[in-house]
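> Sharing a structure here in structure tokens format.
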Amino acid sequence: MGNNKKVLIGMSGGVDSSVSALLLKQKGYDVYGVTMKLWENEEISECCGMETTNDAKRICDKLKSPHYTLNYKEKFKKCVIDNFIDEYRNSRTPNPCIECNRHLKFGEMYKSAKELGIDYIATGHYAITEYSDKYKRVVLKKSKNLLKDQSYVLYCIPKDILDKVIFPLGEFESKEEVRNIAKQNELIVANKPDSEDICFIPDGNYKKFLESNSELRQNSGDIITAKGEILGKHNGLYNYTIGQRKGLGISYKVPLFVIDFNKEKNQLIVGEENELYKTEMYVNNINLLLIDELNEKMEVTVKTRYSSKEEKATIEMIDNDTIKVIFEKPVARITSGQSAVFYIDDIVVGGGKII
31 MGNNKKVLIG MSGGVDSSVS ALLLKQKGYD VYGVTMKLWE NEEISECCGM
81 ETTNDAKRIC DKLKSPHYTL NYKEKFKKCV IDNFIDEYRN SRTPNPCIEC
131 NRHLKFGEMY KSAKELGIDY IATGHYAITE YSDKYKRVVL KKSKNLLKDQ
181 SYVLYCIPKD ILDKVIFPLG EFESKEEVRN IAKQNELIVA NKPDSEDICF
231 IPDGNYKKFL ESNSELRQNS GDIITAKGEI LGKHNGLYNY TIGQRKGLGI
281 SYKVPLFVID FNKEKNQLIV GEENELYKTE MYVNNINLLL IDELNEKMEV
331 TVKTRYSSKE EKATIEMIDN DTIKVIFEKP VARITSGQSA VFYIDDIVVG
381 GGKII
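In the working numbering, the protein residues as written are 31 to 385.
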């Protein structure tokens, strides 16, 4: 590895991407840093602000590497923010980080690398890309640090660029190790806290964001059971998520949970805990990484959201862009708009959007 290979690394001014840049430099790569301008809002300083860019620039200066700032705001608005709003408008629950990876980091950023004559792209994600003798191709694998593993949000990387993507942090077993490298090398960002929020909603209040940036308002409708019994009123379907129990403002003889939405009738459907479980689901917008086509049933494990545990399942293609997933045991809180990601051991088979 190395031998003056050029790599463009996405730098957010955080400790993960800064250490990644340092490690690539140490491995002999020609490192070029890039900070993506994605979003600007007067109330928000953390995201894409000057501090982010300045920290990334200072790290690049220390590494004697060039640093670029590229403006992807238009693409980000269209592919991430508009999609986020649209999904809630349609009573689906999006994962904006996945859309950002799909369209920006592994779409636009890769395009920019090619335009600059740069061979590879890298990010500070916790995951691994490596050649597999068994599968005769480069595969995407879980990080050694399973607590931080981000392979779930990376299933959407285009298969044809997987061999050009490097994740320098994949082999580390703890975040502490990464921070220690930053401290030992006197990187200014060594003690910078992790950002856990959606970058364009740093206060975490997505309802306020939706109301400020779209026509979505607290449009009251009925809360009903699957049998049609009316139990109360909701204050806008976008305010609720599948599996939610608290804050429904209804009383009943047993605990009730949000189990579905009827967007046409503006109804919130609630049910008992057992009604949250499903034995199958359908997934579209498929991206397969480990195989070119899913020609026969395959046994996998599936994550149905970033923080959920993996479930055993069988997957089969039922048309060009739809996979049917049959779970070994019923699974709770299947949520449309979220992504389902399929694994064999620690390798990502692929994934798609839950319908």
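Note that CB positions come from ideal geometry on N, CA and C, so glycine has one too.
#1: Run the CB neighbour count on Ile260, radius 10 Å, all protein chains shown included, and call it buried at 16 or more, exposed below.
#2: Could you check what DSSP says for Ile115 in three-state terms: helix, strand or coil?
#3: Are the segment 374 to 382 and the segment 176 to 192 touching, with three or more C-beta to C-beta distances below 8 Å?
#4: Could you tell me which of Val208, Phe136, His155 sits nearest to Pro188, measuring between CA atoms?
#5: Determine the burial state of Gln180: buried for a count of at least 16 other Cβ atoms within 10 Å of its Cβ, exposed for fewer.
#6: Which term fits Lys283, buried or exposed, when burial requires 16 or more other beta carbons within 10 angstroms of its beta carbon?
#7: With burial defined as no fewer than 16 other Cβ atoms inside 10 Å of the residue's Cβ, what is the status of Ile405: buried or exposed?
#8: I'd like the span of the beta strand (DSSP E) that includes Val355, first residue to last.
#9: DSSP three-state label for Leu240, please.
#10: What is the DSSP secondary structure of Met214, reduced to helix, strand or coil?
#11: Excluding the 5 residues flanking Ser121 on each side, which residues of the same chain have their C-beta closer than 7 Å to its C-beta?
#12: Answer with buried or exposed for Arg132, where buried requires no fewer than 16 other C-beta atoms within 10 angstroms of its C-beta.
#13: For Ile148, does the three-state DSSP call read helix, strand or coil?
#14: So, is Met31 buried or exposed, given that buried needs 16 or more other C-beta atoms within 10 angstroms?
#15: Helix, strand or coil, according to DSSP, for Leu286 in the structure here?
#16: How far does the alpha helix (DSSP H) with Ala86 in it reach, from first residue to last?
#17: Any beta carbon from chain C within less than 9 Å of Gly234's own beta carbon?
#18: Just curious, the alpha helix (DSSP H) that Leu13 is in, first and last residue?
#19: Under the three-state reduction of DSSP, which class applies to Gly251: helix, strand or coil?
#20: Does DSSP put Phe197 in a helix, in a strand, or in coil?
#21: Helix, strand or coil for Asp46? Go by DSSP, reduced to three states.
#22: Considering just the uninterrupted stretch of the alpha helix (DSSP H) at Glu104, what are its terminal residues?
#23: Where does Gln248 land, buried or exposed, given buried means 16+ other C-beta within 10 angstroms?
#24: Who are the Cβ neighbours of Arg335 in its own chain at under 6 Å, not counting the five residues just before and after it?
#25: Which same chain residues end up closer than 6 Å to Tyr98 when comparing Cβ atoms and leaving out the 5 residues on each side of it in sequence?
#26: What number of angstroms, rounded off, separates the C-alpha of Trp69 from the C-alpha of Thr82?
#27: According to DSSP, is Glu72 helix, strand or coil?
#28: Please name the residue or residues paired with Gly63 in a DSSP beta bridge.
#29: Between Lys333 and Val361, how many whole angstroms is the CB-CB distance? I'm expecting something under 8 Å.
#30: So which of Lys213, Tyr182, Asp149, Asp91 has the shortest CA-CA distance to Lys339?
Put simply:
#1: Here residue 260 refers to the residue found at position 230 when the sequence shown is read from its first residue. Per the 10 Å Cβ criterion, exposed.
#2: Residue mapping note: residue 115 aligns to position 85 of the sequence shown, counting from 1. Note: Ile115 maps to helix in three-state DSSP.
#3: yes
#4: Counting from one through the sequence shown, the residue named residue 188 turns up at place 158. When only C-alpha atoms are compared, the closest one is Phe136.
#5: Locating residue 180 in the sequence shown gives position 150, counting from the first residue. With 16 or more other Cβ atoms within 10 Å, it is buried.
#6: The sequence position of residue 283 within the sequence shown is 253, counting from 1. Burial call: exposed.
#7: Outside the shown range of the chain, which is 31 to 385, sits residue 405, and nothing can be said about it.
#8: The residue you call residue 355 lines up with position 325 of the sequence shown. That run of the beta strand (DSSP E) goes 352 to 362.
#9: Taking the sequence shown and counting its residues from 1, the one referred to as residue 240 is at position 210. DSSP places Leu240 in helix when its eight states are reduced to three.
#10: On the sequence shown, position 184 is the one that residue 214 refers to. In the sequence under discussion, the amino acid at residue 214 is Gln, which differs from the Met named in the question. DSSP places Gln214 in helix when its eight states are reduced to three.
#11: For the purposes of this step, residue 121 is taken as the residue at position 91 of the sequence shown. Cβ neighbours of Ser121 beyond the five flanking positions: Leu267, Phe291, Lys293.
#12: For the purposes of this step, residue 132 is taken as the residue at position 102 of the sequence shown. With 16 or more other Cβ atoms within 10 Å, it is buried.
#13: Stepping through the sequence shown from its first residue, residue 148 is reached at position 118. Note: Ile148 maps to coil in three-state DSSP.
#14: As a position in the sequence shown, residue 31 is number 1, starting the count at 1. At Met31 the pLDDT is 45, less than 50, meaning the model places this residue with poor confidence and gives no usable figure here.
#15: Your numbering for residue 286 matches position 256 in the sequence shown. DSSP places Leu286 in coil when its eight states are reduced to three.
#16: Mapped onto the sequence shown, residue 86 falls at position 56. Its alpha helix (DSSP H) spans residues 80 to 93.
#17: Considering every chain present, this structure includes no chain C. It has just one protein chain.
#18: Lying outside 31 to 385, the shown extent of the chain, residue 13 is not represented and no answer is given.
#19: Counting from 1 along the sequence shown, the entry for residue 251 is found at position 221. Gly251: strand per DSSP, three-state reduction.
#20: Here residue 197 refers to the residue found at position 167 when the sequence shown is read from its first residue. In the structure shown, Phe197 sits in coil (DSSP, three-state: anything other than H, G, I, E or B).
#21: As a position in the sequence shown, residue 46 is number 16, starting the count at 1. Of the three classes helix, strand and coil, the one that applies to Asp46 here is helix, per DSSP.
#22: Locating residue 104 in the sequence shown gives position 74, where the first residue counts as 1. Run containing Glu104: 103 to 106, per the alpha helix (DSSP H) assignment.
#23: Counting from 1 along the sequence shown, the entry for residue 248 is found at position 218. Per the 10 Å Cβ criterion, exposed.
#24: Numbered from 1 along the sequence shown, position 305 holds the residue referred to as residue 335. Excluding positions up to five away in sequence, the list reads Gln368.
#25: Counting from one through the sequence shown, the residue named residue 98 turns up at place 68. Counting only Cβ-Cβ distances below 6 Å, and skipping sequence neighbours, we find Val64.
#26: Here residue 69 refers to the residue found at position 39 when the sequence shown is read from its first residue. Here residue 82 refers to the residue found at position 52 when the sequence shown is read from its first residue. When rounded, the distance between both Cα atoms is 12 Å.
#27: In the sequence shown, the residue the question calls residue 72 occupies position 42. Low confidence applies to Glu72: its pLDDT is 42, below 50, so where it sits in the model is not reliable enough to give any reading.
#28: Taking the first residue of the sequence shown as 1, we reach residue 63 at position 33. Paired residue(s): Ile39, His97.
#29: In the sequence shown, residue 333 corresponds to position 303, counting from 1. In the sequence shown, residue 361 corresponds to position 331, counting from 1. Going by Cβ atoms, the distance from Lys333 to Val361 rounds to 10 Å, so no, they are not a contact pair.
#30: Walking along the sequence shown from the start, residue 339 turns up at place 309. Minimum Cα distance to Lys339 is reached at Tyr182.
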